[in-house]
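Novice: Numbered by this note's numbering, the letters in the sequence shown go through residues 403 to 564 in order. Note that the Cβ used here is the ideal one computed from N, Cα and C, for glycine as well. Sharing a structure here in structure tokens format.
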Amino acid sequence: SAQAMRRVKRPIPVYPVKGYSITVPIKDADAAPVSTVMDETYKVAITRLGDRIRVGGTAEISGFDLRLHESRRRTLEHSVGDLFPGAGAMREATFWCGLRPMTPDGPPLIGRTELSNLYLNTGHGTLGWTMACGSAKVLADIISNRVPDIDVRALAQERYLK
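Rendered as structure tokens:
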């Protein structure tokens, strides 16, 4: 979104924050998590996805660099291995990373821009999936000239112009 806004000469403060994830096949279902667990020591979430365990977390500011760093993998493997020993087939785990668009102050940018028919709904960071439906409803209300259920002034891009 930041790159697209630069192309129309309307830069916004949204930056890529890299997060890492491993997906581990379950080896012992009885030892695997039943629901999502947050490991606050390592700042990762451990979630059961059918016959797999997904471990995701970290926040690395490194631009658009998608290189995988083994130290991050080891941290994720340590976390799931410490909390759920023997649950996963670690040698079969897949390791990947992705970029999450994030604003400097945390809340997303949602609302109109000064360009006709161009709206923002970006910068949710680690809460992208969590906030997706609510953010979409807010934006639909704005586009439809309805009053959103929440005060959206703090989500407008104008907060960075002060």
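Hey, D453 and A489: beta-carbon distance below 8 Å or not?
Specialist: The count along the sequence shown starts at 1 and reaches residue 453 at position 51. The count along the sequence shown starts at 1 and reaches residue 489 at position 87. It is not a contact, given that the beta carbons lie outside the stated cut-off.
Novice: From the DSSP secondary-structure annotation, give me the bridge partner or partners of I414.
Specialist: For the purposes of this step, residue 414 is identified with residue 12 of the sequence shown, where counting begins at 1. Looking at the DSSP assignment, I414 forms no beta bridge with any residue, so it has no partner.
Novice: What is the DSSP secondary structure of M508, counted as helix, strand or coil?
Specialist: The count along the sequence shown starts at 1 and reaches residue 508 at position 106. Sequence check: residue 508 is Gly here, not Met. Note: G508 maps to coil in three-state DSSP.
Novice: Alpha carbon to alpha carbon, what distance is there between R474 and P435?
Specialist: As a working note, residue 435 is residue 33 in the sequence shown. As a working note, residue 474 is residue 72 in the sequence shown. Rounded to whole angstroms, P435 to R474 spans 21 Å at the Cα level.
Novice: Let me make sure I understand the geometry here. Which of D553, W498 and R450 has the alpha-carbon closest to that of I512?
Specialist: Locating residue 512 in the sequence shown gives position 110, counting from the first residue. Comparing Cα positions, the closest option is D553.
Novice: Taking the alpha-carbon positions, what's the T449 to C535 distance?
Specialist: Start at 1 with the first residue of the sequence shown, and residue 449 comes out as number 47. Start at 1 with the first residue of the sequence shown, and residue 535 comes out as number 133. Cα-Cα distance, rounded: 21 Å.
Novice: My output table needs one value for D553: the three-state DSSP class, helix, strand or coil.
Specialist: As a position in the sequence shown, residue 553 is number 151, starting the count at 1. It is coil, neither helix nor strand.
Novice: Exposed or buried, L517, counting other C-beta atoms within 10 Å across all chains shown (16 or more means buried)?
Specialist: The residue labelled residue 517 in the question sits at position 115 within the sequence shown. Counting Cβ neighbours within 10 Å, L517 comes out exposed, since fewer than 16 surround it.
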